[in-house]
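All residue numbers for the sequence shown refer to this note's numbering, where the first residue is 291 and numbers rise by one.
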Amino acid sequence: MSSYAVILAAGRGSRLGQPQPKQYLSVGGMPILRRTVEVFTRHPEIDHVQLVIHPDDAADYRQAVAGLSLRAAVFGGDSRQESVFNGLMNLKAEAADLVMIHDAARPFVSPATISAALAALRDQPALDGVVAAIPLTDTLKR
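Below you can see the structure in the form of structure tokens.
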């Protein structure tokens with residue numbers, strides 16, 4: 291059973307107030323996008339990773355993923371929905387049994403979460419999709 295990850299990196303991140311979209315900012319000396327991509331490319335159950343980027347970010351994208359062996363990125367649309375559609379359409383000719391959609395700006399997804407989502411889809415064929423979520427912990431600050 292083949293599994294693909296479509297990673298959405300076409301967002302502008304305007305709420306962050308930075309000149310660069312957040313997926314290209316560095317955390318611990320590494321672009322957030324690269325951290326996210328590596329979680330999926332290193333996962334033993336993910337066969338292929340498809341990136342969806344904004345056309346204006348091609349240079350930042352190339353720099354962030356330099357040295358990684360990836361399929362050619364596709365351009366996103368005017369909305370998240372259009373970007374998902376573009377990523378999926380690029381996989382249309384593939385024999386993908388399972389497809390995960392993930393935001394590039396969320397680099398700390400665990401391999402266990404990826405495995406659990408894939409297992410839920412594999413083990414429960416009546417499901418059309420699953421949403422991975424973790425419980426929130428209330429925080430009090432003084």
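Using N, Cα and C, we set each Cβ at its ideal position, and we do this for glycine too.
Note to self: Considering only the alpha carbon of each residue, which of Ser405, Ser369, Val342 lies closest to leucine 360?
What the structure shows: Position 70 of the sequence shown, counted from the first residue, corresponds to residue 360. Of Ser405, Ser369, Val342, the residue nearest in Cα terms is Val342.
Note to self: Short of 7 Å in beta carbon distance, which residues of its chain neighbour leucine 411, apart from the five on each side in sequence? Order them along the chain.
What the structure shows: Looking up residue 411 in the sequence shown gives position 121. The beta carbon of leucine 411 sits closer than 7 Å to those of Leu388, Leu417, Val420, all from its chain and outside the five residues before and after it, given in chain order.
Notebook entry, point to check: Span of the beta strand (DSSP E) holding glutamine 340?
Noted result: Here residue 340 is taken as the residue at index 50 of the sequence shown, counted from 1. Here the beta strand (DSSP E) through glutamine 340 covers 338-343.
Next item on the list: Please state whether DSSP places methionine 379 in a helix, a strand or coil.
Entry: For this step, residue 379 is matched to residue 89 along the sequence shown. Looking at methionine 379 - three-state DSSP - the assignment turns out to be helix.
Check: Going along the chain, which unbroken runs of the beta strand (DSSP E) with 3 or more residues stay wholly within the region 355-428?
Finding: 388-393
Next item on the list: Under 6 Å Cβ to Cβ from isoleucine 336, same chain only, skipping five residues before and after it: list those, please.
Entry: Counting from 1 along the sequence shown, the entry for residue 336 is found at position 46. Taken in chain order, the residues that qualify are Ser293, Ala295, Phe330.
Check: How long is the line joining the alpha carbons of histidine 333 and threonine 326, rounded to whole angstroms?
Finding: Reading the sequence shown from its first residue, position 43 is the one you call residue 333. Reading the sequence shown from its first residue, position 36 is the one you call residue 326. Answer to the nearest angstrom: the Cα atoms are 11 Å apart.
Notebook entry, point to check: What's the call for serine 373, buried or exposed, on a 16-neighbour Cβ count within 10 Å?
Noted result: Sequence index remark: in the sequence shown, residue 373 carries index 83 (1-based). Serine 373 should be labelled buried.
Next item on the list: Would you decide whether isoleucine 424 is buried or exposed? Buried here means 16 or more other CB atoms lie within 10 Å of its CB.
Entry: For the purposes of this step, residue 424 is identified with residue 134 of the sequence shown, where counting begins at 1. Isoleucine 424 comes out exposed.
Item checked: Sheet register partners of leucine 298 (DSSP bridge) -> The count along the sequence shown starts at 1 and reaches residue 298 at position 8. Beta-bridge pairing links leucine 298 to Val342, Asp393.
Checklist line | Neighbour-count burial assignment, glycine 301, 16 or more Cβ in a 10 Å radius | finding: As a position in the sequence shown, residue 301 is number 11, starting the count at 1. With 16 or more Cβ atoms within 10 Å of its Cβ, glycine 301 is classed as buried.
Checklist line | Nearest candidate by alpha-carbon position, reference glycine 366, set Val355, Arg352, Asp346 | finding: Mapped onto the sequence shown, residue 366 falls at position 76. Comparing Cα-Cα distances from glycine 366 to each of Val355, Arg352, Asp346, the minimum goes to Asp346.
Notebook entry, point to check: Under 9 Å, do glutamine 313 and alanine 354 count as touching if we go by C-beta distance?
Noted result: Counted from its first residue, the sequence shown places residue 313 at position 23. Counted from its first residue, the sequence shown places residue 354 at position 64. Going by C-beta atoms, glutamine 313 is nearer than 9 Å to alanine 354.
Next item on the list: Would you kindly check if the distance between the Cβ of alanine 394 and the Cβ of isoleucine 297 is under 9 Å?
Entry: Position 7 of the sequence shown, counted from the start, is the residue given in the question as residue 297. Position 104 of the sequence shown, counted from the start, is the residue given in the question as residue 394. In contact: isoleucine 297 and alanine 394 (Cβ atoms closer than 9 Å).
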